[in-house]
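These protein sequence lines map, in sequence, to chains A and B.
So in the UniProt record's numbering, spot 378 of the first sequence is number 378, and the numbers just go up one at a time.
So in the UniProt record's numbering, spot 325 of the second sequence is number 325, and the numbers just go up one at a time.
We put the CB at the ideal spot given by N, CA and C, even for glycine.
There are 2 protein chains.
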Amino acid sequence: MSCRFTNVFSTSDSIRILAVVLFFSLVFSSSVYALQGADVEVLYTKEHGIVPNTKQDSTRAVVELIEKAVRSGNKKIVFAPGTYHFYPEMAHEAYTFISNNDEGLKRVVFPLFGANNIEIDGQGADFVFHGGINPFILQDSANITLRNFSIDFYRAFHSEGKILAVGDGYMDLHIPEIFPFRINAAGILEFLAADDIRPSKIEKNIKLERRLTTKKAEEYAFKRMLEYDPETRATPYMAGDLHSGHWLSAKKLEGHRNIRIFHPVLKGTVGNIMTFSSKYRRFPGFVVSDSSEVLLDNITIYHAGGMGVLGQRCHNFTMQNSKVTPSEGRIISATADATHFNNCTGKVALINNLFENQQDDATNIHGIYAMFYELLDEHTAYIKTMHPQQWGFDFIDVGDEMELVHGKSLRTYGTNTIQSVTRINKEINLVRFDKPIDSRIKPGDSISEIRDYPFVHIKGNTIRRNRARGMLLNCRGKTIVEDNYFHVPGAALLFEGDAVNWYEQGGVTDVTIRNNVFDNSLFSVWGKAIIDVDAGIEKAFQAEVRYNKNILIENNTFNVFDERLILDIFSVENLRFTNNTINKTTAFPERELTTEPFFRVKHSDNVIIADDNKFVGFD
Amino acid sequence: MSCRFTNVFSTSDSIRILAVVLFFSLVFSSSVYALQGADVEVLYTKEHGIVPNTKQDSTRAVVELIEKAVRSGNKKIVFAPGTYHFYPEMAHEAYTFISNNDEGLKRVVFPLFGANNIEIDGQGADFVFHGGINPFILQDSANITLRNFSIDFYRAFHSEGKILAVGDGYMDLHIPEIFPFRINAAGILEFLAADDIRPSKIEKNIKLERRLTTKKAEEYAFKRMLEYDPETRATPYMAGDLHSGHWLSAKKLEGHRNIRIFHPVLKGTVGNIMTFSSKYRRFPGFVVSDSSEVLLDNITIYHAGGMGVLGQRCHNFTMQNSKVTPSEGRIISATADATHFNNCTGKVALINNLFENQQDDATNIHGIYAMFYELLDEHTAYIKTMHPQQWGFDFIDVGDEMELVHGKSLRTYGTNTIQSVTRINKEINLVRFDKPIDSRIKPGDSISEIRDYPFVHIKGNTIRRNRARGMLLNCRGKTIVEDNYFHVPGAALLFEGDAVNWYEQGGVTDVTIRNNVFDNSLFSVWGKAIIDVDAGIEKAFQAEVRYNKNILIENNTFNVFDERLILDIFSVENLRFTNNTINKTTAFPERELTTEPFFRVKHSDNVIIADDNKFVGFD
């Protein structure tokens with residue numbers, strides 16, 4: 001367990017605050033973390049020059065108010081309802097490593113760095129962000145509540161167009177005004193920044209503006225394409241990513257903003273919406289880093305240039321009554337996962353939320369593996385963080401107990417404690433262990449942190465119309481998934497974990513999945529089963545390892561349109577599938593089976609598919 | 001004057017060192033800064049596991065040796081002759097703002113941060129850098145000598161090809177093996193990283209390597225093209241930049257590594273070399289920042305991904321007996337200026353160097369302007385750094401005396417002193433002045449630092465075959481340019497300065513240009529005259545301002561192939577052109593004149609073109 005949180009409550013201020021914090025029952029009630037007591041000073045933004053419903057840039061005034069609140073803590077900041085605009089120019093700046101998103105020198109509007117006991121109540125306010133800007137970053141903060149507001153970006157980081165025609169190696173599109181683009185002199189399609197640069201206080205410098213705009217165009221580059229049906233607002237049956245690369249030859253067609261693009265992979269249905277997925281993940285909506293007791297309540301994320309919410313090394317996080325949903329005129333909300341949690345502790349709770357149209361999973365809750373890169377002596381090794389979007393993710397601290405893992409089998413050799421860590425750079429740490437390193441450890445093997453694995457509670461959420469999967473459950477703490485509705489093109493629930501590709505630590509130990517509706521999911525390419533229990537274990541070791549343990553699946557409803565896998569079980573010890581109802585629908589055409597119907601079990605022990613499951617409507 | 005250097009010599013160690021430093025006469029002798037006394041400890045690299053002529057990655061061992069030497073100072077590090085290889089993986093990491101190059105989180109092999117009295121003697125060693133890596137960064141250091149080695153990159157950041165054919169909207173090229181590329185599935189040309197990733201200590205992770213290589217390909221993107229003649233090794237007569245953008249449609253042709261690229265601007269001569277100029281300037285060779293008494297002696301820069309040497313806020317810098325020159329098989333050396341100096345003080349000396357085939361000027365010595373962005377009250381303003389490659393350039397310090405300047409005329413209103421500075425972000429500072437801000441100052445006007453403008457001594461250098469100009473002389477200190485040879489396609493010497501485009505401060509006060517040979521320069525598009533004295537002053541103000549002062553041009557030889565301008569004089573007070581020889585050559589075809597022959601004078605006073613100049617070979 002990292003020592004990061006041990007000092008959070010060490011000041012007398014914090015202790016006074018703690019005394020009145022309403023702590024949330026770890027199990028079932030919804031949570032209210034922040035202080036609502038006599039000690040709270042309420043700051044009304046309108047008294048600090050922050051005025052809604054004007055075109056003014058509110059960034060500087062908000063940054064200063066936040067910084068002021070953070071200095072003393074114990075503040076409630078209340079916005080007047082209305083729309084506020086934020087631009088990068090006067091924002092707070094900080095270099096930030098954001099797991100599974102893009103690191104960088106960020107411009108931040110709400111910099112909650114080292115904050116203690118702060119509530120921000122938007123009272124329904126709409127926060128509109130312009131250009132390359134990061135809405136919220138929480139770092140080393142505690143007792144933070146954010147509620148009752150929306151975030152959106154004036155120009156989305158992805159782009160969209162309506163399919164007009166499709167032919168051999170080309171596609172014709174109409175690109176709406178809200179997705180600025182040009183076809184450059186080389187005949188290449190470039191999506192551009194919107195012309196929403198803050199009205200300059202000085203005469204426009206045309207040459208400089210041009211340079212800046214060109215620079216900004218890179219923010220809107222794409223990496224692949226994916227089609228959506230405007231009727232269902234979901235990806236069509238069996239539609240997958242088109243791997244277009246970042247640049248396409250294009251030409252203008254007759255008709256305003258109609259273009260033809262060229263690439264052999266192009267396919268789609270006339271009338272559908274073709275999306276250009278964002279190349280980068282630089283601007284996630286809410287970054288919650290090394291922070292504890294964080295509540296997001298009644299927040300709407302219309303757009304994020306990356307994940308909607310990214311929690312890393314956070315302790316006790318709840319998101320409730322919130323939405324990730326696209327704004328008017330767009331089919332995409334966040335350009336990556338709606339939420340994502342990495343090496344968190346205590347609790348992660350997602351309660352009564354709507355997660356729709358994000359371009360990746362609704363959530364992924366996991367740990368990370370780092371690799372033994374070079375063994376220097378009995379006690380010392382260079383440890384390398386392998387995935388570029390994990391670089392700079394510090395999780396190895398002095399005194400931490402680490403699990404030493406055989407990379408190819410994910411088998412645990414044992415534990416060891418960190419004596420010292422020297423950061424070489426964002427990829428590599430020089431690590432000294434208390435005890436001699438297990439002699440079976442070879443370069444390529446991994447370590448992960450043994451910590452207070454969080455209780456994961458996912459209840460009452462609707463997950464639909466996104467790209468890829470529903471939720472990735474890779475947490476070793478107690479995990480309860482109940483009363484949710486899933487309509488997703490891939491696996492609704494995926495268990496994985498590997499130390500060779502994503503370096504995401506999984507291996508559940510106690511999972512209950514109950515009272516959910518899995519509604520015509522798995523209608524496309526992202527997954528092998530509606531509930532897909534997997535692990536990245538090489539063939540030679542699959543017989544001997546059971547990576548996932550103790551999974552109960554009960555009282556769920558599965559609406560399915562064919563007999564493909566409801567449940568794919570790999571490397572599991574103890575799984576019970578009981579009292580579920582499986583209804584036959586005609587939502588999509590049936591597909592040829594490539595496995596036995598409904599269930600597959602590989603390299604697992606004590607798997608019980610009970611007799612009490614009901615199959616309705618099948619011959 | 002900034003207070004940065006006041007503490008450099010404040011420790012007793014430093015004082016002892018200073019006592020034996022051989023200080024260089026400010027005027028004519030060559031310089032030896034570093035200590036050669038009894039107190040110096042000599043560290044031989046071979047005793048620290050750093051072995052030449054192997055394929056091993058020497059990065060970690062060198063970083064550790066440098067860090068050790070820097071901790072105590074007063075060290076001479078001696079390499080054995082031979083070739084050493086360096087890779088980013090184990091390099092030192094630091095976020096660095098590098099004026100006129102690209103800021104970023106850098107991987108540094110020689111991190112001379114806070115170093116005092118260090119000499120590195122390569123004894124002829126060749127340092128070869130692989131991938132995205134920064135060779136030398138000096139920051140807050142003093143008494144640093146680097147000598148007797150070369151730097152090169154295994155894969156250049158630009159690319160080259162031989163022109164096979166040219167047609168309407170297309171060009172055929174043969175791309176040598178040393179410039180890896182692919183034509184992707186969209187039919188777009190992408191230059192790629194070389195396959196020189198360090199042989200991994202672990203089994204290759206193919207998926208990850210692919211992700212990393214794709215990421216690295218972006219390092220080799222280009223921004224424009226320019227032709228070179230393999231016979232003269234220079235740009236051809238009247239050849240200029242081809243504004244191709246970053247991406248071109250392309251297809252493979254018959255013949256190994258032969259391709260056709262498409263763009264309406266393409267033109268060139270079959271047999272010539274077409275270069276793809278680097279999009280980025282992320283990897284300059286030597287960055288010298290906030291450092292004093294720095295000597296580069298007998299250094300060869302074969303390549304840099306940006307400028308060869310960038311000095312910012314440095315004090316007393318000398319580069320002598322050194323070369324910027326391309327390595328075997330390449331026509332380009334550094335991808336930007338050979339050297340460049342910004343807000344330096346004391347002295348900048350370039351003595352007996354060869355600067356050839358860099359893709360921009362041999363040097364540019366200037367200050368910077370920043371802009372009054374918003375006036376808050378009588379004493380306080382937001383000051384904005386305008387040019388993106390100057391962002392993060394800190395030159396406004398408490399106690400500094402600043403010049404307040406009318407932006408459009410470059411006229412000085414007066415001075416004021418900095419009372420406080422608060423950094424908002426890399427673009428904007430909140431600045432409070434001692435005295436009320438001159439009431440004539442409006443948003444859009446500028447400030448620059450009044451400092452110990454350096455003595456600039458440029459002597460005995462050869463400047464040839466580069467893109468653009470010879471040298472940009474924009475320093476207010478005494479400037480002597482003597483005994484140099486110039487054969488450049490643009491202006492050999494340019495004086496400029498503006499507060500609307502580049503925000504580079506010029507305005508010379510005392511310049512002597514003598515005994516130089518200007519050999520058939522200005523044979524292309526970069527400049528109006530061989531000696532081009534200019535300033536960025538708006539028309540309405542040109543009559544009233546004299547931005548440049550006191551320029552003496554004597555005893556020089558000008559070899560010219562036509563009667564275009566030798567000297568274009570704008571906004572000058574006192575200039576004397578005397579006892580120069582102008583020889584007619586037939587090096588290039590004569591061009592039609594667009595001005596009077598040889599000389600033009602605009603908005604200047606006391607300009608004397610003496611009768612003693614000799615014109616030889618003209619009718």
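Would you tell me roughly how many angstroms separate the C-alpha atoms of R600 of chain B and M225 of chain B, rounded to the nearest one? In this structure, the alpha-carbon of R600 of chain B lies about 32 Å from that of M225 of chain B.
Just list the residues that DSSP pairs T595 of chain A with in beta bridges. Assignment of beta-bridge partners to T595 of chain A by DSSP yields no partner.
Determine the contact status of F129 of chain A and E160 of chain A, defining contact as a CB-CB distance below 8 Å. The Cβ-Cβ distance between F129 of chain A and E160 of chain A does not fall below 8 Å.
Could you pull the DSSP bridge partners for R546 of chain A from this structure? Among the bridge pairs identified by DSSP, R546 of chain A is matched with none.
Please classify M386 of chain A: is it buried, with 16 or more other beta-carbons within 10 angstroms of its beta-carbon, or exposed? With 16 or more other Cβ atoms from the protein chains shown falling within 10 Å of its own Cβ, M386 of chain A counts as buried.
When A:A80, A:F561 and A:V456 are compared against L593 of chain A, the one with the closest alpha-carbon: Among A:A80, A:F561 and A:V456, the Cα nearest to that of L593 of chain A belongs to A:F561.
State the start and end residues of the unbroken beta strand (DSSP E) segment that holds A125 of chain B. Annotation: the continuous beta strand (DSSP E) that includes A125 of chain B extends over N116 to F129.
Whole runs of the beta strand (DSSP E) within the region 123-167 of chain A, excluding any shorter than 3 residues: Those beta strand (DSSP E) runs which fall completely within the region 123-167 of chain A and span 3+ residues are 134-139, 142-153 and 159-167.
Measure the Cβ-Cβ separation of W526 of chain B and R451 of chain B and say whether it is below 8 Å. Contact flag unset, no.
What's the C-alpha gap between I367 of chain B and H243 of chain B? Rather than Ile, the amino acid found at residue 367 of chain B in this sequence is Gly. Here the alpha carbons of H243 of chain B and G367 of chain B stand approximately 29 Å from one another.
Considering R465 of chain B, what are the terminal residues of the beta strand (DSSP E) in which it resides? Where R465 of chain B is concerned, there is no enclosing beta strand (DSSP E), given that its DSSP letter is neither H nor E.
Does E67 of chain B come within less than 8 Å of chain A when only Cβ atoms are used? Not closer than 8 Å to any Cβ of chain A, the Cβ of E67 of chain B fails to qualify, so no.
Can you list, in chain order, the residues of the region 247-269 of chain B whose Cβ is nearer than 8 Å to any Cβ on chain A? So the list reads W247, L248, S249, F262, H263, P264 and V265, given in the order they occur along the chain.
What span of residues does the alpha helix (DSSP H) with T512 of chain B cover, start to end? DSSP places T512 of chain B outside any alpha helix (DSSP H); the residue lies instead in the beta strand (DSSP E), whose first and last residues are V511 to R514.
Apart from the five residues on each side of it in sequence, which residues of its chain come closer than 7 Å, Cβ to Cβ, to G49 of chain B? Closer than 7 Å at the Cβ level, and outside the excluded window around G49 of chain B, lie A61.
Taking the alpha-carbon of R423 of chain B as reference, which of A:T45, A:L522 and A:M90 has the nearest alpha-carbon? Nearest to R423 of chain B by alpha-carbon distance, out of A:T45, A:L522 and A:M90, is A:M90.
Is the region 569-579 of chain A touching the region 604-611 of chain A in the sense that three or more CB pairs, one from each, lie closer than 8 Å? Verdict: yes, contact present.
Distance, Cα to Cα, F149 of chain B vs E119 of chain B? Approximately 12 Å between the Cα atoms of the pair.
Going by DSSP, what residues sit across from M386 of chain B in a beta bridge? None; M386 of chain B has no bridge partner.
Nearest-angstrom Cα distance between D297 of chain A and Q320 of chain A? Cα to Cα, the separation comes out at about 5 Å.
What does a CB cutoff of less than 6 Å around K76 of chain B pick up in its chain, not counting 5 residues either side in sequence? Residues of the same chain with a CB within less than 6 Å of the CB of K76 of chain B, apart from the 5 flanking positions on each side, are V40, V42 and E119 in chain order.
Can you list the residues of chain A that I428 of chain B reaches, using a CB-CB cut of under 8 Å? What I428 of chain B touches in chain A, judged by beta-carbon distance under 8 Å, is E89 and M90, going in chain order.
Of all the residues that make up the UniProt domain "Right handed beta helix" (456-586) of chain B, which are near chain A by a beta-carbon distance shorter than 8 Å? Near chain A, meaning a CB-to-CB distance below 8 Å, the residues of the UniProt domain "Right handed beta helix" (456-586) of chain B are V500 and N501.
Step through the CB atoms of chain A and report whether any lies within less than 8 Å of the CB of A334 of chain B. It does not: the Cβ of A334 of chain B has no partner Cβ on chain A nearer than 8 Å.
Smallest Cα separation from N579 of chain A: which of A:D168, A:F558 and A:H92? Each of A:D168, A:F558 and A:H92 was checked against the Cα of N579 of chain A, and the nearest Cα belongs to A:F558.
Within the 8 Å Cβ cut-off, does N425 of chain B reach chain A? Yes, N425 of chain B counts as interfacial toward chain A.
Tell me whether T595 of chain A is buried or exposed, calling it buried when 16 or more other Cβ atoms sit within 10 Å of its Cβ. With fewer than 16 other Cβ atoms within 10 Å, it is exposed.
Reference K442 of chain A; option with closest CA among A:S409, A:A221 and A:N425: Taking only the C-alpha atoms, the option nearest K442 of chain A is A:S409.
Inspect the beta-carbon positions of D400 of chain B and E449 of chain B and report whether they are closer than 8 Å. Against a cut-off of 8 Å, the Cβ pair of E449 of chain B and D400 of chain B comes out as a contact.
Taking the alpha carbon of T269 of chain B as the point to measure from, which residue in B:V288, B:Y237, B:T300 and B:V294 has its own alpha carbon closest? Nearest to T269 of chain B by C-alpha distance, out of B:V288, B:Y237, B:T300 and B:V294, is B:Y237.
Based on the DSSP secondary-structure assignment, which residues constitute the bridge partners of Y237 of chain B? For Y237 of chain B, which the question treats as bridged, DSSP gives no partner whatsoever.
Using only CA atoms, which one of B:A492, B:N466, B:G104 and B:E378 lies nearest to T233 of chain B? The sequence shown places Arg at residue 233 of chain B, rather than the Thr named in the question. Nearest of B:A492, B:N466, B:G104 and B:E378 to R233 of chain B, Cα basis: B:N466.
Members of the region 76-87 of chain A near chain C, C-beta cut-off 8 Å: Among the protein chains in the structure shown, which are A and B, there is no chain C.
Taking F495 of chain A as the reference, which of A:N516, A:S439 and A:L567 has the closest Cα? Per the Cα distances, A:L567.
Taking the alpha helix (DSSP H) that S72 of chain B falls in, what are its first and last residues? Unbroken alpha helix (DSSP H) run through S72 of chain B: T59 to S72.
At least 3 beta-carbon pairs within less than 8 Å: the region 139-153 of chain A vs the region 254-265 of chain A: Cβ pair count under 8 Å is below three, so no.
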